[in-house]
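Novice:
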Amino acid sequence: MQVTFGIDVSKSTSTVCELIGESKNELTITNDRPGFIQLLKELSAFLSIRK
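At position 36 of the sequence shown (counting the first as 1) the number is 36 in UniProt numbering, and the numbers step up by one without a gap.
1. Tell me the rounded alpha-carbon separation between M1 and K24.
2. Output yes or no for whether 7 angstroms exceeds the beta carbon distance between I20 and S14.
3. Assuming S44 and N31 make a contact with CB atoms under 8 angstroms, what is their CB distance in whole Å?
4. Could you give the first and the last residue of the continuous alpha helix (DSSP H) run that contains F36?
5. Given that a residue counts as buried once 16 or more other Cβ atoms are within 10 Å of its Cβ, and exposed if not, what is V9?
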């Protein structure tokens, strides 16, 4: 299964797009510590896919 990520960065937020096969998921985070922690949690879920 192919997984692709894209991040559109602006001044106060970033929009993250995840493409997993034919499925698309968008997430908007703030560009601060809580937002980056949220992004890390979201992306860490894909570690189990790679194993």
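Even for Gly, the Cβ is constructed at its ideal location relative to N, Cα and C. Model, not experiment: these values are computed from the prediction.
Specialist: Reading it off the structure:
1. 13 angstroms
2. no
3. That pair is no contact at about 19 angstroms.
4. Residues 33-44.
5. exposed
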